[in-house]
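Read through the structure below, which is laid out as structure tokens, and then see the notes.
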Amino acid sequence: MIRFLLFLITALCLLPKPCRAQLSDFNVQLLDEGDGIRTSNVLKMVKDRQGFLWLLSPRYLQRFDGQNLKRFDIQGEDLLDIAVDLEGRIWVSTQSSVRLYINDYKGFKNIGIEGPLPTKFNVIQVSSDNKVWIISGKGLFVYEPVAGVFRHHVIASLPNQLFYRKIFQKLGDEYFLGDTHTLFSYNTKTKRVRSIAFESVSVIAPFSPDIIWATNARLQIFELNFKTGKVTPISMGRFAPKLAYPFLEINTIIPLDHPEYLINTSQGCFKYNRTSGIFTKATLYHYGSELANNEIYTSYYDNDKILWMLGQQGIIFFRPQWHTISWLRSYSPKGSGWNNNIRDIAGDHEGNIWLATAAGISQLDPRSGKVKSFHPDSHPFSTFQFPTVQGLVFDGKNLILGPGAGGPLIFSPESQKFEKPVFPPGQTGLRLKTKTDLDYIYSIYTLADGNHLVLADASCYLIEKDTYKIREASFKGSDYIGQTASQDQTGHIWIGTFKGLLYLDKNLRTVQSDTTFFPSRLVTALLTRNDSTVWAGSVGIYEVTTTARGLIKKRILPELDNQQITVLYQDKTGNIWIGADDGLYRYSEKDKKLEWFDIWDNVQNKQLNPGSLYESKNGMVYMGGNNGLNYFEPLKIKSRRQDLNVLITGARINQDDSLFQLYKTESLRQMQGGNILKSQPTLNEKPLALDWHQNSVEIRYVTTYFQNTQKLKYRYRLTGLDTSWVANGRNNSVRFSSLAPGNYSFSVAASLDGITWNETRQPFLFSISPPIWKRAWFIILALLISGSGGYYLFRSRVKTIQRQQAKLYALQNKANALEKEKVLAMYESLKQQLNPHFLFNSLTSLDSLIWLDAKMASTFLDELSRTYRYILKNRENELVSLSDELEFAQNYVKLQKTRFGERLLVNIDVPEDSNHLKIAPVTLQNLIENAIKHNVMGYDSPLEIDIFIEDEMLVIHNNVNKKNFVETSNRQGLNNLVSLYRYLSPRPVEIIEKASSFTVKIPLV
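For the sequence shown, counting from 1, position 773 maps to 774 in our numbering; every step adds exactly one.
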């Protein structure tokens, strides 16, 4: 109710008011001082092969790429004309000279003249075979590239003719020139000359190879036909609307679709119909608003079929032969009668377009441009009170309106009256009327049976065809705030709502629903794909299919995932047009490509309204939004993809003012303080060579693009530093610091949508040489020197080490010898210590045996002698065989058993395959004697000694029954034995002493 009152307060109380305006003929772009260029005194314009726009003024030239401006100040005479040849070279003329652009450093070079001098020059023309011509008061001159000069070209039939040097135009190979009394047609190929008398010519414009239009000094226009010789005046009465003043100049004629031509004149741009002979003022629109078309000062039609015109507002450019998207806003005089917020669109049987707006409805006749608007009346008894109309359909006779409040209305275009639909009788109808009056209608959809489904805030309603009877359509989800609807061929109805998607049968019963759309459940656009599938526009686009299990949806076109989709429309070629937050998209299912159209393509800069779409019978599609009306023929909209010309223009080295400027026809030169410091090859040849300290490089690049430079984005790749592309936004330069020595290749690519990229045709190659100490020859020389020095030092060191090692070896040998002598001396002392004890004990035993058993005494004496012979025999030997040592030990044991009998038990278990191993002499005798000396022996507790081999070591093991006191025991014998074997074997002697046993392991050698 509050919303109703607010709109009611602001409603306009106006009667229908017809207004006349003109729909756009051409949608144009505009360049002016806001883009950095000066348009106040521009005389001529051309565009070179690289896409740069050149603007000629009397004292200077401007070169513009769409973002950056370069100005060339010219000293001396005023500039008169400019031309670009087929190789892209820029030529300019003054009264006495012709100049050729060389590069940004050298500027323009004067070209020599050969012929009748002095003379004055003016207009330059370029032939189809790339010959450069210029006219002077004394005739034509043509450029000879071999000699590098302009030579006088004599027309055989006009050898002494003087010419008016402002009059020089061409069409194909036909050149038109003349003096103040006669105009000539001269064919440079056939040398044919034709003439027509014509007085006081001021301007000519070729219409065909045989026809020109000429303007005289009185600004009257005539058609001259060189084929027939006729001169026909062109009446000012043929111009519509009537000219502000009855005289003008024609400067350019551009053929459109036959029989249409576009004529640029001093009073604006006109469309000319050759059949009717009528000139109609062309309507130019810029961003949805009409652009004044009062005067065209100069124009240029380039090879890309773009027309550049200098008008009062600046430089106007467009493609006159292209069909484009049109945009109308604030349409009609002073904006009255038109509201830019267009909520829905319908068309009637007479071809009129009806617009539902935020301030009523408007009728637009696209043929005449007439607009008639119908606004709400604030009178309390008025049928049409609420200004905003959300839904609109035409049933063949009447319009059915869906206002924001007050309920649906029926409007008759014939009687221009509003009526209510027919409500049921009685209280039922009264309740329904009250409900519809308070409800907010969002959309009206005409079903296949002719009935009209009204989608509103609180519920849905059905208006019957012809009778206009209304009833509430109640179904599950009818209160979900319906937004849009679509019906398939089976009669099933899809409804997009504020809470998701509904799927109804033809009887308006809900079959399935999905309220899980994310991040928003709002569905504002639908496109039926087949009898089971629909595209649903929410935040992103979903493909929804009905199945026995319910509705199944999946996201499609991920590029649009974060945009609210308000329009889905499929044209006759199968392309799908999508209205979204960022503008309008065209999707080709065939090649799976998405094209983007936005404000720079005349798509309005506000969101397109949901459901605000209508396709007329002639194929024109109308779309309404918050800022006007867009209309176009989808089949005529050409692909907006275009190859961007990305150019690398220069490289600045380090932080100084040095600039390596890249040129097309000249060499690459370094400039500083006006002096040429260094000459380098062009970009097309070998890489630019930089010294090692020139390791900071700033590279500049541009893209010649004039429509929406804000959409340009760049990425670059410096091979040699990294192989991946790096995004660089809208920046026209990039700087690399502290580059390592090496070879580099710089490429840059530009894009308008971030999907399709155009890379520069040729990369910028440069190399940074390493410092002298990192170059190969220096490194090799340094390696040779250091290698030689190192080798000398190495040899000296080796000799020193060898001498030191020899001394050390000698000392070690001497030490080893001394150590050996010391050990042997200690061992010899040990043997000498053993002899007296052993001898004393043996003699005592022998004395006892002589009295007891003479025979045994004799045997004992024999064993004793063998023992001493072994000792005497090996006293000089370091090692003896294990078998000899074992035999000696057995003799020794026999002698001891004479004394101790069974109190001494010695077990020897050594395999014969070990007999070859070596051992120090009397080792076993010393160890057995040591065991006897330290232990008490009895018949009940004999001393048991086991001798065996384990891990290539001779093991001597005995039980322990220690004596309380041992004479002459200082363990010196064992220590000497350990020291001896340290010298004899790498393996040490092991001594294992336990409470019950004592073990010694002797390494065998």
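Every residue, glycine too, gets a C-beta built ideally from N, C-alpha and C.
Under the DSSP assignment, residue 437 falls in the alpha helix (DSSP H) whose first and last residues are 427 to 439. Residue environment: residue 82 is assigned as buried (16 or more neighbouring CB atoms within 10 Å of its CB, all protein chains considered). With a contact defined as Cβ atoms closer than 8 Å, residue 556 and residue 570 miss out at about 20 Å.
Contact check between the region 914 to 930 and the region 876 to 896: three or more CB pairs, one atom from each, fall below 8 Å, which counts as touching.
When the five nearest sequence neighbours on each side are left out, the beta carbons in the same chain lying within less than 6 Å of the beta carbon of residue 479 are those of 460 and 461, in order along the chain. By a beta-carbon distance limit of 8 Å, residue 63 contacts residue 38. Their separation comes to about 6 Å.
A direct Cα-Cα distance of roughly 19 Å separates residue 435 from residue 445. DSSP places residue 710 in the helix class (H, G or I) of the three-state scheme. When DSSP assignments are scanned along the region 292 to 340, the uninterrupted stretches of beta strand (DSSP E) that are 3 or more residues long and fall wholly within it turn out to be 297 to 302, 308 to 312, 315 to 319 and 327 to 329. Following the DSSP letters along the chain, one finds residue 76 in no beta strand (DSSP E), marked with neither H nor E.
Setting aside the 5 residues that flank it on each side, residue 482 is surrounded in the same chain by 458, 498 and 499, each with a C-beta closer than 6 Å to its C-beta; the list follows chain order. By the Cβ-count criterion, residue 468 is exposed, with fewer than 16 other Cβ atoms from all chains shown falling within 10 Å of its own Cβ. Taking a 10 Å sphere around the C-beta of residue 908, we find fewer than 16 other C-beta atoms and assign the residue as exposed. Residue 783 counts as exposed, since fewer than 16 other C-beta atoms from the protein chains shown sit within 10 angstroms of its C-beta.
Annotated as proximal: residue 581 and residue 566, with beta-carbon spacing under 9 Å. Assignment of residue 570 by DSSP, reduced to helix, strand and coil, places it in the strand class.
Counting along the chain, no alpha helix (DSSP H) covers residue 525, and no H or E run does either. Counting along the chain, residue 736 sits inside the beta strand (DSSP E) bounded by residues 734 to 737. Residue 36 sits in a helix when the DSSP states are folded into three classes. In the pairwise beta carbon analysis, the region 352 to 371 is classified as not touching the region 310 to 325: fewer than three pairs are separated by under 8 Å. Excluding residues up to 5 positions away in sequence, 64 lie with their Cβ nearer than 6 Å to the Cβ of residue 71 in the same chain. Assigned with DSSP and collapsed to three states, residue 902 falls in helix. The way I'd put it, the region 235 to 254 does touch the region 204 to 213; three or more beta-carbon pairs between them come closer than 8 Å.
Around the CB of residue 649, 16 or more other CB atoms lie within 10 Å, so the residue is classed as buried.
Distance check between residue 705 and each of 766, 813, 905 and 643 places 643 closest, using alpha-carbon atoms only. A direct Cα-Cα distance of roughly 9 Å separates residue 133 from residue 145. If you draw a straight line from the Cα of residue 725 to the Cα of residue 718, it is about 6 Å long.
Residues 495, 527, 529 and 545 of the same chain have their beta carbon placed closer than 6 Å to that of residue 535, with the five preceding and five following residues left out of the count. If you draw a straight line from the Cα of residue 358 to the Cα of residue 501, it is about 26 Å long. Of the residues 880, 939 and 933, the one whose Cα lies closest to the Cα of residue 904 is 939. With respect to residue 304, residue 45 sits apart: the two C-beta atoms are not nearer than 9 Å. According to the DSSP secondary-structure assignment, residue 256 is paired through a beta bridge with 262. The criterion of a C-beta distance shorter than 9 Å is not satisfied by residue 396 and residue 470. Residue 283 sits buried, since 16 or more C-beta atoms from the chains shown fall within 10 Å of its C-beta. Counting other Cβ atoms within 10 Å of its Cβ, residue 548 stays below 16 and is therefore classed as exposed.
A Cβ-Cβ separation of about 7 Å places residue 484 in contact with residue 456 under the 8 Å criterion.
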